[in-house]
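Asker:
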Amino acid sequence: MTTAPEPDRPIVFRNATVLTMDDAHTVLRDADVLIEGERISAVGPGLQVPEGTAEIDGSGGIVMPGMIDTHRHMWQTAMRGYGADWTLTQYFVWNYLQWGKSFRPQDIYAGNLLSAVEAIDAGVTTTVDWSHNLHTIDHAEAAADALQEVPGRFVLAYGNIQAAPWEWSAAPEFRDFVAPPVTGGDDMLGLQMAIAVPPASPHLTEKAAFEVARDLGVPVTTHAGVWKVTTDDGIRLMHEHGFMTPSTIYVHAATLSADSYHRIAATGGHASLSTESEQSAGQGYPPAGKLREHGIGVSLSMDTSVWWSADLFSAMRATLSADRARDHLEAHARDETVTHHKLRAEQVVEWATRGGARALGLDSITGSLERGKKADVVLIKNDHSPAMFPILNPYGHVVYQAQRGDVHTVVINGKVVKYDHKLTGTDLARARQAIEQTVEYLRGVLGPQAWNEGMHPEIPETRVLDNPYTYTYTQD
Ligand SMILES: [Zn+2]
C-alpha cells in the first residue's frame, strides 16, 4: 500500500515484530495487530481480518504501543533549541524574568501546536502539556485549542508561573475552565494541575491549591526534587497534609532523600524522569536507580524543546546510558568493575509506554497492545536505513538503534495520523506560520541584544593544565 489507509476501515499491521508490553512483556515475531474502530481487536500471528481491512506491511519493522510523555512544556517549543547551552539558572532568568510574561495567547497556541505535531510525528501518542505560563483563561483556551486541533492524546496540566497557585486556582474562571466540556468528555484530552512547592516556608502555602485539585478531582503534577528549588520539605508538607495520592506525578524527583522517596512509594505516586534535562540543566542526577530501589513507578518525559527534541527515543537512550554511567562511576570509585547491568533496554521501553499510562491513570486505555485497549500504535520501520536490520534484540533496537526518522506509521485512537513517514491530515505549514509570527514578536519585544545574549550565556574559563612533559621532535 502506498497511500494512507482511508478512514473508517479496519487496519491490520502484518508480519511485524510486536512488542505488546502486556504484563508478561510478550514479544511476537511475524505477528499482526488488528484495529477496528478506536480499539485493538486482536494481536497475534496470521490474523483473520474483516473484508475491506487496510493492510500495512510491518515486515522488517517493530510494532509497539504509542509512547507517552508525562511532562513537556509544549508552549516553549516556539523557542526550539534557543537554550541549548543553558543551565537551569539561565532558563529561570529567561523564562520567569525576561520572556515568560511576554507570551500572548497566540504564542502559547503556536508553541503547543508545533509541539503537538512534533509529538505525533515521533510516535508519542500521549503527551502531558505541562503548561505553566497560563496568565489568563485566554492563554489556557489557546493551549487547549491547539491540543484539540491535533489528533493526539493530550493532558493539559494547568499552571501559571506568573501568579501563586492559591491565587490562580481560586479564580472562578479557572473552575469554569476545568469543568466539562473543556475536555470534550472523552479520553483524548485530560487535565492536571501543575503546582510546585518551593521550600522557603514552614507551612504549606499551596494548601488551598491542593484543596481545589482535590475538590475538582484533578490530579496534581509537581516539579519535585529540583536542586535548591523544590526539596524534601515540599514532599513532607504534601504528605503531612494528605495531598500525596496515587495520581500525583513527581517530575524529576532527582535531589530527594530516602525519606521522600519512601513517602512517594507509600502513597503510590509516580515519577516523571526527564533524563536529558536532569543531566544537562542540573536538577540532580537522573534518579532511575533511586526510583527502582524505592519501588516507585517511572514514566519518561523530555521537559522542553528549548533544549531537546521532543522524542522519546532520546529520552530512552539517555535514561539507560545515565543509569549505567552512574553505576560504572560509583563502582570505579570503589575500585570495582560492573560486570552486569541492572537496568535493561526492555525496562526503559516499558517506562516510555506502560509506565506513562500507569502514571496518568490511563492504563486501561493505552500503553500496551492488547485486545480492547484504544489503538495507540507505532510502527518503527525504515527500509532505507542501514540501522534497521538485523533486528535481533527488539528492545535494544528501539532504545539504541532506532530514532524518530524511523517512525513509519502512527495510529492514535484508531486513526492513522502518520503513514509511510509522512503526517496525514496535519497542517505543518500552519504551525510554521504561527511559530514564525511568535518568534518575530518575541525577538521584537526583547530587542536584538537581549535576544542574542540570552542564547549565548557567558562561558566559564577552562584552564589548560600545566604539562610536565615537553614535546620534542628532532629531524635527522
Ligand atoms: Zn519541567
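So for the sequence shown, our numbering puts the first residue at 1109; every next one is plus one.
Glycine residues also receive a C-beta, built at the ideal position from the N, C-alpha and C atoms.
Taking 7 Å as the threshold (C-beta atoms), are residue 1392 and residue 1433 in contact?
Answerer: Here residue 1433 corresponds to residue number 325 of the sequence shown, with the count starting at 1. Here residue 1392 corresponds to residue number 284 of the sequence shown, with the count starting at 1. Contact flag unset, no.
Asker: Could you tell me the alpha carbon to alpha carbon distance between residue 1148 and residue 1461, rounded to whole angstroms?
Answerer: Residue 1148 sits at position 40 when you count from the first residue of the sequence shown. Residue 1461 sits at position 353 when you count from the first residue of the sequence shown. For residue 1148 and residue 1461, the distance between alpha carbons rounds to 16 Å.
Asker: Could you give the C-beta distance for residue 1357 and residue 1252, rounded to a whole number, given that I count them as a contact under 8 Å?
Answerer: As a first step, residue 1357 must be located in the sequence shown, where it is residue number 249. As a first step, residue 1252 must be located in the sequence shown, where it is residue number 144. Incorrect: roughly 19 Å between the Cβ atoms, too far for contact.
Asker: Report whether the distance from the Cβ of residue 1411 to the nearest heavy atom of ligand 1 is below 6 Å.
Answerer: For this step, residue 1411 is matched to residue 303 along the sequence shown. Yes - ligand 1 has a heavy atom lying nearer than 6 Å to the Cβ of residue 1411.
Asker: Beta-carbon within less than 8 Å of residue 1508's beta-carbon, same chain only, minus the 5 sequence neighbours each way: which residues are those?
Answerer: Counted from its first residue, the sequence shown places residue 1508 at position 400. Once the five neighbours on either side are set aside, the close Cβ partners of residue 1508 are 1425, 1428 and 1453.
Asker: In chain order, what are the residue ranges of uninterrupted beta strand (DSSP E) at least 3 long that sit wholly in the segment 1146-1187?
Answerer: Correct list: 1147-1152, 1162-1165, 1170-1173 and 1175-1180.
Asker: Under 6 Å from any heavy atom of ligand 2, does the C-beta of residue 1252 make it?
Answerer: For ligand 2, the structure offers nothing, since it holds only ligand 1.
Asker: Name, in chain order, the residues that DSSP records as bridge partners for residue 1503.
Answerer: Looking up residue 1503 in the sequence shown gives position 395. Bridge partners of residue 1503: none, in fact.
Asker: Taking the beta carbon of residue 1575 as the centre, do at least 16 other beta carbons fall within 10 Å, making it buried, or is it exposed?
Answerer: For this step, residue 1575 is matched to residue 467 along the sequence shown. Exposed, by the Cβ-count rule.
Asker: Could you check the C-alpha separation between residue 1230 and residue 1578 for me, to the nearest Å?
Answerer: Position 122 of the sequence shown, counting from 1, holds the residue named residue 1230. Position 470 of the sequence shown, counting from 1, holds the residue named residue 1578. Computed Cα separation, rounded: 52 Å.
Asker: Report yes if the CB atom of residue 1489 is closer than 7 Å to the CB atom of residue 1160, and no otherwise.
Answerer: Within the sequence shown, the letter at position 381 stands for residue 1489. Within the sequence shown, the letter at position 52 stands for residue 1160. Not in contact: residue 1489 and residue 1160 (Cβ atoms no closer than 7 Å).
Asker: Have a look at the DSSP bridge pairing and note the partners of residue 1238.
Answerer: Residue mapping note: residue 1238 aligns to position 130 of the sequence shown, counting from 1. Looking at the DSSP assignment, residue 1238 forms a beta bridge with 1265.
Asker: Measure how close the beta-carbons of residue 1409 and residue 1177 come, nearest whole angstrom, since I'm counting them as under 8 Å.
Answerer: As a working note, residue 1409 is residue 301 in the sequence shown. As a working note, residue 1177 is residue 69 in the sequence shown. That belief holds up - the Cβ atoms of residue 1409 and residue 1177 are roughly 5 Å apart, short of 8 Å.
Asker: Below 8 Å CB to CB, which residues in the same chain sit around residue 1474 once its five sequence neighbours on both sides are set aside?
Answerer: The residue labelled residue 1474 in the question sits at position 366 within the sequence shown. If we look at residue 1474 and ignore the five residues flanking it on each side, its Cβ neighbours are 1173, 1174, 1176, 1233, 1234, 1261, 1465, 1481, 1482 and 1484.
Asker: If I measure Cβ to Cβ from residue 1190 and keep anything under 8 Å in the same chain, skipping five residues before and after, which residues do I get?
Answerer: As a working note, residue 1190 is residue 82 in the sequence shown. Correct list, in chain order: 1414, 1562 and 1563.
Asker: What first and last residue would you give for the alpha helix (DSSP H) that runs through residue 1318?
Answerer: The residue given as residue 1318 occupies position 210 in the sequence shown. Where residue 1318 is concerned, the enclosing alpha helix (DSSP H) stretches over 1315-1324.
Asker: DSSP three-state call for residue 1303: helix, strand or coil?
Answerer: Working through the sequence shown from its first residue, we reach residue 1303 at position 195. In the structure shown, residue 1303 sits in coil (DSSP, three-state: anything other than H, G, I, E or B).
Asker: Which one or two residues does DSSP pair with residue 1332 in a beta bridge?
Answerer: The residue labelled residue 1332 in the question sits at position 224 within the sequence shown. Looking at the DSSP assignment, residue 1332 forms a beta bridge with 1360.
Asker: Quick check: what's the CA-CA separation for residue 1518 versus residue 1241?
Answerer: Taking the sequence shown and counting its residues from 1, the one referred to as residue 1518 is at position 410. Taking the sequence shown and counting its residues from 1, the one referred to as residue 1241 is at position 133. Using only the alpha carbons, I get a separation of about 30 Å.
Asker: Tell me the DSSP secondary structure of residue 1139 in three-state form.
Answerer: Here residue 1139 is taken as the residue at index 31 of the sequence shown, counted from 1. The answer is strand: DSSP assigns residue 1139 an E or B state.
Asker: Throw me the rounded Cβ distance for the residue 1302 and residue 1239 pair, which I believe falls under 8 Å.
Answerer: Residue numbering aside, residue 1302 sits at position 194 when the sequence shown is read from its first letter. Residue numbering aside, residue 1239 sits at position 131 when the sequence shown is read from its first letter. With 8 Å as the limit, residue 1302 and residue 1239 qualify as a contact, their Cβ atoms being about 7 Å apart.
Asker: Go ahead and pull the three-state DSSP assignment for residue 1525.
Answerer: Taking the sequence shown and counting its residues from 1, one reaches residue 1525 at position 417. Of the three classes helix, strand and coil, the one that applies to residue 1525 here is strand, per DSSP.
Asker: Once you ignore the five residues that flank residue 1323 on each side, which residues in its own chain have a CB closer than 8 Å to its CB?
Answerer: Working through the sequence shown from its first residue, we reach residue 1323 at position 215. Here the set comprises nothing.
Asker: Compute the Euclidean distance between the alpha carbons of residue 1188 and residue 1416, then round it to the nearest angstrom.
Answerer: In the sequence shown, residue 1188 corresponds to position 80, counting from 1. In the sequence shown, residue 1416 corresponds to position 308, counting from 1. Straight-line Cα distance between these residues: approximately 8 Å.
Asker: Got a sec, what are the start and stop residues for the beta strand (DSSP E) residue 1312 sits in?
Answerer: In the sequence shown, the residue the question calls residue 1312 occupies position 204. Where residue 1312 is concerned, there is no enclosing beta strand (DSSP E), given that its DSSP letter is neither H nor E.
Asker: By how many angstroms is the C-alpha of residue 1221 removed from the C-alpha of residue 1539?
Answerer: Position 431 of the sequence shown holds residue 1539. Position 113 of the sequence shown holds residue 1221. The alpha-carbon atoms of residue 1539 and residue 1221 are separated by roughly 6 Å.
Asker: As a quick exercise: from 1513, 1333 and 1142, pick the residue whose alpha carbon is nearest that of residue 1157.
Answerer: Numbered from 1 along the sequence shown, position 49 holds the residue referred to as residue 1157. The candidate whose alpha carbon is nearest that of residue 1157 is 1142.
Asker: Drop a sphere of 10 angstroms on the beta-carbon of residue 1543, count the other beta-carbons inside from all chains shown, and report buried for 16 or more, exposed for fewer.
Answerer: Taking the first residue of the sequence shown as position 1, residue 1543 is located at position 435. By the neighbour-count rule (16 or more Cβ atoms within 10 Å), residue 1543 is buried.
Asker: Give the single residue among 1119, 1114, 1111 and 1115 whose Cα lies nearest to the Cα of residue 1486.
Answerer: In the sequence shown, counting from the first residue as 1, residue 1486 sits at position 378. Taking only the C-alpha atoms, the option nearest residue 1486 is 1119.
Asker: Would residue 1270 and residue 1243 be called neighbours here (beta carbons separated by less than 7 Å)?
Answerer: Along the sequence shown, read from residue 1 onward, the residue named residue 1270 stands at position 162. Along the sequence shown, read from residue 1 onward, the residue named residue 1243 stands at position 135. Against a cut-off of 7 Å, the Cβ pair of residue 1243 and residue 1270 comes out as a contact.
Asker: Drop a sphere of 10 angstroms on the beta-carbon of residue 1343, count the other beta-carbons inside from all chains shown, and report buried for 16 or more, exposed for fewer.
Answerer: Along the sequence shown, read from residue 1 onward, the residue named residue 1343 stands at position 235. Buried, since its Cβ has 16 or more Cβ neighbours within 10 Å.
Asker: Can you give the Cα-Cα distance for residue 1430 and residue 1501, rounded to whole angstroms?
Answerer: What you label residue 1430 is simply residue 322 of the sequence shown in a count that begins at 1. What you label residue 1501 is simply residue 393 of the sequence shown in a count that begins at 1. Rounded to the nearest angstrom, the two C-alpha atoms are 21 Å apart.
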